[in-house]
Structure formats: structure tokens, C-alpha cells
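Number of protein chains: 2
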Amino acid sequence: MMVIDKVTDLKKYVKQERFSAAKAGRELSVGFVPTMGFLHEGHASLLKQAREHNDLVVLSIFVNPIQFGPNEDLDRYPRDEKRDLALAEREGVDVVFLPSVQEMYPQPTKTKIAVSELTDELCGASRPGHFDGVTTVVGKLLHMVSPDKAYFGLKDAQQVAVIRQMVDDLNFDVEIVPCPIVRESDGLALSSRNVYLKEEERKQALILSTSLREAGDRIKQSDSVTLAEIRESLTRNIKSQPLAVIDYVDILSFPSLTQVHEDAQMRDLDGEILIALAVKFGTTRLIDNILLNPKGVVTHV
Amino acid sequence: MMVIDKVTDLKKYVKQERFSAAKAGRELSVGFVPTMGFLHEGHASLLKQAREHNDLVVLSIFVNPIQFGPNEDLDRYPRDEKRDLALAEREGVDVVFLPSVQEMYPQPTKTKIAVSELTDELCGASRPGHFDGVTTVVGKLLHMVSPDKAYFGLKDAQQVAVIRQMVDDLNFDVEIVPCPIVRESDGLALSSRNVYLKEEERKQALILSTSLREAGDRIKQSDSVTLAEIRESLTRNIKSQPLAVIDYVDILSFPSLTQVHEDAQMRDLDGEILIALAVKFGTTRLIDNILLNPKGVVTHV
């Protein structure tokens, strides 16, 4: 496994590998997993998929300052390079790209990639500028790695939708592969931020996955239940935990992230439906979601 | 010469050519000239450079609606596909990419690439949103062609600066090659829009190149002349033509496009200086410029 910290070295390496493969008559397929590090089994599941389907697997670890708002957790975002490299090694990664902030932004970027509309809802509403930071850094990384496939976790379902929109609109030559949420055995969705949770917060945070699962079950049992009813019971459930402070509980069509009429019943709906929530426990903001197909079957939990 | 109108065909073709060359042990170099068609000898000079320095030359012809403002000349922008293809053939182009608007924008783009600061001045001030349209379409085209080099004319000096900023900030894997302005024998800078000019407008429009040349000469003769004096005499010269309506006459550092103090004398300046103007004759808006190096030598006319 190679660790690279310079953009030019990374570009050169991938290019050289492609060239050598082509010289031997093979088309190299490159799989890319962009992360902010502090890797967990969710990231590992992305790396496993990338490993299975590609000749070369590139992992990037970069805590991207421009996707954090002024009052967010950039400074305390958890890091553990040594453990990350061990996990990468274990998952058979070929190249870890580990750039400094200076290397990624030698000067403050004057150029931004921005996706409109899809970024107005959910985390986009609570975190202004966040998605411009995400699309800009992902655009940069895609130019550096030029992968055939890039893997993203569905815990950030909005991020998946936004990145796909960017890739389609700007004709990036890459396939975006969304991967299912990975959970602890008790249901908590894996997140690098879970490490912030105090014991009691951790316990109460289980309400997120429990109430989402309940919502999914209720939809499976009755296709006449309305979205308003689902949203209301989700909200009530979460509020039963005294430490939970709701940022949003929202139901949108996926991947367009457009509003669905609150009186709609599940049987009236086409395409996928995203039930997504963001809830603070103490200073820690957690997100979780489920994706449902029109007939109420849970497609990703 | 191949004419391609589908994005997937273009991507596939360039990829296949790269792969075949690599298989034979050669690294293919791809030169790209993006245009809006109605080609003239300015475009031909870009194609000549691309031909000289690359194995494969790709020309795109696309009148990009999203870089035109609501009251601009999108509908009457001149087109002559047959003549364009003949010129491309003459210049030894390998691939002409000639997409429809529907092919480039199957749905209205929700994603924009935007460069700040450099787009506040000059044409960016007169044409709000124009450069977002330019950077977005150039980003798309770069993803489709993935060239090693892309060629842009310095008549749109601000465009060159903005595209370079975008390429640097977003780590596009391409070299931007700026090419000198090509002029008619009487000095008028070549432009597809020159065809709009009525006879008397065409005659009076010569004041642009004449007064820019005079400004260059004056700077060469005296390094104590101030930028304010240069700007003032340029403005006075242009106003001597009754049909000329000035949009801007501006002097900026290049390529940062930052303001230079008006009292500065040429000998005090570092780096390149851009003297740029936009002037309307009837309904036709023309631009022209010269680039000067710190010691007053004209680097590109």
C-alpha cells in the first residue's frame, strides 16, 4: 500500500498505472473512496465494494475545511491516522491519498462547484454552504484520481443525490456507487461523530434507528398511512428522549429531493422516498435515514 | 475528420484512441479547441497550434445558451456549420464535436462552476452570470474530451484568466494555452460578431485597435506615464468616433485581474498589465485588449 500526499504524485501514479495496463492490453478500472478519515466499518464496506470491483483502489483521507460552517466541529473533528492506515491496509487499499490543507488549497479557492435546489433541503438548510464545500472538494478529488467508480455511503443520502446531480450535470466520467448504511448491532448508524457521544446520549440516540425502523414497518403494514402521519409519529418518538433536539425530520422524493405532499399515502407515490432526520444530542449532531420504494419496501436501512 | 454529436460517442472515441496508443507504447496527447463556431482565422490559429503540438485535435462547436444574458444576442449569434467544417478540415482537425443544446443540457443544469473575484471586473461586471455559463460549459467539455492541452484566444483575456483560475483551483488535469489575438490587416481584432457591423460602424471600430496600439507606444516611450493618463487618452480617442458607446476601458493586473492604482507609473509595476475595453457600435458589442509586461513591452497584440 502506497501513501501519497502530493497531488502531482497521485495524478502521475494513477496515469502511469493506466498506461502500463493499457500497454499490456488491459483497461484498468480505478475505484475511489473519498473520506474524512477516522474510518469505521461503514467506510470499510465502501472499500470492500471498491476492492471487489476494481483493479486499483484509491482511498482519500482529508478533513475538508470548506465544508464546515464557522460554528461547526472542524477543530475537534476526530482523527487517527495510524488506525486509518491499518484499516486501509486490512481492506486491501492500493493508494491512500493523505494531503495537507495547504496541498489541497495552496490558496483559498476562488472557484466553487455549486448544486442548486437539491441543496435547499435537509442538511443544506441547516448547514449553509456545506454542500458547496462538498461538491467542490469532490470535484477536485475526482480530477486528481480520475476514477471509473466512486463509492459513497447512503447515511449521507443527500450527499449521494447532490454528487450524482453534479456528476450528471457536469459530465464527469465516473459512476457514483451508493452503498447501504452500516449500523452497530443495536441499530445506531455508524459515524465518525459517534465518538463524541456521552454514555447517556449514546443510549438515547438509539431512538433514531428505532423510530425509522418503526416508520418503515408501519408503511409496510398499511399503504394508506399518510406521510404527515409518519412524520408526526417519528417526531413524537424522537421527542420522547429528553436529550434529543430535532434539527429536521423530513420526507422527500429521492434522488430529486423534492417535497412530497404531506397528505399523500404511500400507495400514491412513484419512485423512492427518503425519510431523513438530523437530531442533536448534546453538542453532537447525528443524521440517519431510510429509503423506501413506492410499495413501502425498505430498500436501504 | 470525424463529426460527433453525442457525448457518449465522444468520450468513447477519445478513450479508445488513448487506449490504442498506450497499447502501442505511446502516450497520446489530445489538444482541444472549444468554440462557438462561425470560425475565423483567430480560431484557425488555435487549431494550428493544437495540430502542431498534439496527436489528436478535437474542436467543439457549441453556442452555449447559459453564457448569454436575457437581452444578449443568443438568437442571432451567427452560424455557418458548412463553412466551419471546411475550415476544420483545412486545419487538420481529427474530431469535430457538434452537440445539440438538448445533448449538452438534457435538463436545465442545477450545477454551476463559478469563479469569484476575477469575474467581478470588465465583461463580468457588464454581463452578470456570463462567466458562470462559460466556466460551467468549459468544465463539461473538459470532462467529455479530457484533453492534455486546451487552447483559448487572448481576445477574451478575462476568459483566459478565469478558465486558468478554475483549472488551478479544481485541479483539472489540463494545460491551458493562451494564444495571441489575430487581427484583420487594418487592425480590427477578429470576432465572429464582426459580421454584425454595418459599413460605417466597421470603419469607426478601427479606433479600438488604433488607440490600444497608441497606448502601447506611449508606454514604450515613457515609463513615467500613469495609468490614469493612459486610460484618459484611450477614452478620449474612442469617444472621437461618434458611433462608439463605451462599456468599459480598464487597466488591471493580469492574470489576477485586480485593480492597479490609477496614479501608478508603468515603471512601478510588476507582472503583466491588461488594458481592456468593450465598446458598442450600434447593436454590436466589441472587445479588444493589449497585454503589457512591466517594462512596457507589448507581449501580445
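Residue numbers (numbering that gives the first Met the number 0), protein chains in the order written: chain C, 0 to 300; chain F, 0 to 300. Where a beta carbon is used, it is the ideal one built from N, C-alpha and C, also for glycine.
#1: Scan the segment 154-202 of chain C and note each continuous alpha helix (DSSP H) run of 4 residues or more that stays entirely inside, going in chain order.
#2: Taking C-alpha atoms, which residue in F:I206, F:L233, F:V29, F:K219 lies nearest to P146 of chain F?
#3: Which residues in the same chain have their Cβ closer than 6 Å to the Cβ of K154 of chain F, if we skip the five residues on either side of it in sequence?
#4: Could you tell me the alpha carbon to alpha carbon distance between L169 of chain F and L290 of chain C, rounded to whole angstroms?
#5: If you drop the 5 nearest sequence neighbours on each side, which residues of the same chain put their C-beta closer than 6 Å to that of S191 of chain F?
#6: Using a Cβ-Cβ cutoff of 7 Å, what residues of the segment 122-141 of chain F are near chain C? List them in chain order.
#7: Within the same chain, show all residues whose beta-carbon is closer than 7 Å to that of V278 of chain C, passing over the 5 residues directly before and after it, in chain order.
#8: So is S115 of chain C in contact with chain F if we call contact Cβ pairs under 9 Å?
#9: So L58 of chain C contacts chain F; which residues on that side make the cut at Cβ distance below 9 Å?
#10: Going by the beta-carbon positions, is the gap between E120 of chain F and Q258 of chain F smaller than 9 Å?
#11: How many whole angstroms separate the CB atoms of L256 of chain F and A124 of chain F, which I take to be in contact at a CB cut-off of 8 Å?
#12: Name, please, each residue of chain F whose Cβ falls closer than 7 Å to the Cβ of M143 of chain C.
#13: Is the CB of K111 of chain C under 9 Å away from at least one CB in chain F?
#14: Who are the Cβ neighbours of T234 of chain F in its own chain at under 8 Å, not counting the five residues just before and after it?
#15: From K139 of chain F to F171 of chain C, what does the alpha carbon distance come to, in whole angstroms?
#16: Could you give the distance in angstroms between the alpha-carbon of K14 of chain C and the alpha-carbon of Q66 of chain C?
#17: Just mark E199 of chain C as buried or exposed, buried being the case when its beta carbon has 16 or more other beta carbons within 10 Å.
#18: Please list the terminal residues of the continuous beta strand (DSSP E) segment that includes N288 of chain C.
#19: Might you give, ordered along the chain, the residues of its own chain that have their beta carbon closer than 8 Å to the beta carbon of E102 of chain C, omitting 5 neighbours on each side?
#20: What residues of chain F sit near G24 of chain C, judged by a beta carbon separation below 8 Å?
#21: Go to T134 of chain C, then tell me how far its alpha helix (DSSP H) extends in each direction, as first and last residue.
#22: How is the alpha helix (DSSP H) around L211 of chain F delimited, first residue to last?
#23: So for K279 of chain F, helix, strand or coil by DSSP?
#24: Helix or strand or just coil, what does DSSP make of E116 of chain C?
#25: May I ask you to list the residues that DSSP assigns as paired with F18 of chain F?
#26: Please list the partners that Q164 of chain C has in chain F, where partner means a Cβ-to-Cβ separation under 7 Å.
#27: Would D93 of chain C and V62 of chain C qualify as a contact pair, given that the criterion is a beta-carbon distance under 9 Å?
#28: In chain C, what lies closer than 7 Å to F18 of chain F by C-beta?
#29: Report the partner residues of Q264 of chain C according to the DSSP bridge assignment.
#30: Using a C-beta to C-beta distance shorter than 7 Å, which residues of chain C count as neighbours of V6 of chain F?
#31: Can you grab the Cα-Cα spacing for the pair V300 of chain F / A275 of chain F, in whole Å?
#32: Please state the DSSP three-state secondary structure of G41 of chain F.
#33: Whose Cβ in chain C lies nearer than 7 Å to the Cβ of K10 of chain F?
#34: Using DSSP bridges, identify the partner residues of E271 of chain C.
#35: For K148 of chain C, report the span of its beta strand (DSSP E) as first-last.
So, from the listed chains and residues:
#1: 156-168
#2: As a working mapping, residue 146 of chain F is identified with position 147 in the second sequence. When only C-alpha atoms are compared, the closest one is F:V29.
#3: Translated into positions along the second sequence, residue 154 of chain F becomes position 155. Within the same chain, K154 of chain F has close Cβ partners I180, A188.
#4: Position 170 of the second sequence, counted from the start, is the residue given in the question as residue 169 of chain F. Position 291 of the first sequence, counted from the start, is the residue given in the question as residue 290 of chain C. Cα to Cα, the separation comes out at about 32 Å.
#5: Within the second sequence, numbered from 1, the residue matching residue 191 of chain F stands at position 192. Excluding positions up to five away in sequence, the list reads F37, P77.
#6: G138, K139
#7: Taking the first sequence and counting its residues from 1, one reaches residue 278 of chain C at position 279. Once the five neighbours on either side are set aside, the close Cβ partners of V278 of chain C are L207, I237, A243, V244, I245, D246, L285.
#8: Against the first sequence, residue 115 of chain C aligns to sequence position 116. Judged by the 9 Å Cβ criterion, S115 of chain C is in contact with chain F.
#9: Translated into positions along the first sequence, residue 58 of chain C becomes position 59. Ordered by position in chain F, no residue passes the 9 Å Cβ test against L58 of chain C, which lies about 18 Å from the chain.
#10: As a working mapping, residue 120 of chain F is identified with position 121 in the second sequence. As a working mapping, residue 258 of chain F is identified with position 259 in the second sequence. Yes, these two residues count as a Cβ contact at 9 Å.
#11: What you label residue 256 of chain F is simply residue 257 of the second sequence in a count that begins at 1. What you label residue 124 of chain F is simply residue 125 of the second sequence in a count that begins at 1. Not really, about 11 Å apart at Cβ, beyond 8 Å.
#12: Counted from its first residue, the first sequence places residue 143 of chain C at position 144. Within chain F, the residues near M143 of chain C are N170.
#13: Taking the first residue of the first sequence as 1, we reach residue 111 of chain C at position 112. Answer yes: the Cβ-Cβ gap between K111 of chain C and chain F drops below 9 Å somewhere.
#14: The residue given as residue 234 of chain F occupies position 235 in the second sequence. Cβ within range, chain order: I245, V248.
#15: Here residue 139 of chain F refers to the residue found at position 140 when the second sequence is read from its first residue. Here residue 171 of chain C refers to the residue found at position 172 when the first sequence is read from its first residue. In a straight line, the C-alpha of K139 of chain F is about 7 Å away from that of F171 of chain C.
#16: What you label residue 14 of chain C is simply residue 15 of the first sequence in a count that begins at 1. What you label residue 66 of chain C is simply residue 67 of the first sequence in a count that begins at 1. Approximately 29 Å between the Cα atoms of the pair.
#17: Residue numbering aside, residue 199 of chain C sits at position 200 when the first sequence is read from its first letter. Label assigned to E199 of chain C: exposed.
#18: For this step, residue 288 of chain C is matched to residue 289 along the first sequence. Here the beta strand (DSSP E) through N288 of chain C covers 283-291.
#19: If you number the first sequence from 1, residue 102 of chain C lands on position 103. Taken in chain order, the residues that qualify are D4, K5, V6.
#20: Against the first sequence, residue 24 of chain C aligns to sequence position 25. Those within 8 Å of G24 of chain C in chain F are K22.
#21: In the first sequence, residue 134 of chain C corresponds to position 135, counting from 1. Segment 129-144, the alpha helix (DSSP H) holding T134 of chain C.
#22: Here residue 211 of chain F is taken as the residue at index 212 of the second sequence, counted from 1. L211 of chain F -> alpha helix (DSSP H) spans 205-220.
#23: Taking the first residue of the second sequence as 1, we reach residue 279 of chain F at position 280. Looking at K279 of chain F - three-state DSSP - the assignment turns out to be strand.
#24: Counted from its first residue, the first sequence places residue 116 of chain C at position 117. Reduced to three states, the DSSP call for E116 of chain C is coil.
#25: Position 19 of the second sequence holds residue 18 of chain F. The partner list for F18 of chain F (beta bridge, DSSP) is empty, contrary to what the question assumes.
#26: Position 165 of the first sequence, counted from the first residue, corresponds to residue 164 of chain C. Neighbours of Q164 of chain C on chain F, chain order: K109, T110.
#27: Position 94 of the first sequence, counted from the first residue, corresponds to residue 93 of chain C. Position 63 of the first sequence, counted from the first residue, corresponds to residue 62 of chain C. Taking 9 Å as the Cβ cut-off, D93 of chain C and V62 of chain C do not qualify as a contacting pair.
#28: Here residue 18 of chain F refers to the residue found at position 19 of the second sequence. Simply A21, E26.
#29: As a working note, residue 264 of chain C is residue 265 in the first sequence. According to DSSP, Q264 of chain C bridges with C:T225.
#30: Here residue 6 of chain F refers to the residue found at position 7 when the second sequence is read from its first residue. Per Cβ cutoff of 7 Å: N170.
#31: By 1-based counting over the second sequence, the position of residue 300 of chain F is 301. By 1-based counting over the second sequence, the position of residue 275 of chain F is 276. With a pLDDT of only 49 at V300 of chain F, under 50, the local geometry of the prediction cannot be trusted, and the value read off the model is given with reservation. Their Cα atoms are separated by approximately 11 Å.
#32: Taking the first residue of the second sequence as position 1, residue 41 of chain F is located at position 42. If DSSP states are grouped into helix, strand and coil, G41 of chain F belongs with the helices.
#33: On the second sequence, position 11 is the one that residue 10 of chain F refers to. Chain C residues near K10 of chain F: D172.
#34: Taking the first sequence and counting its residues from 1, the one referred to as residue 271 of chain C is at position 272. Note: E271 of chain C sits in a beta bridge opposite C:F253.
#35: The count along the first sequence starts at 1 and reaches residue 148 of chain C at position 149. First-last of the beta strand (DSSP E) with K148 of chain C: 148-152.
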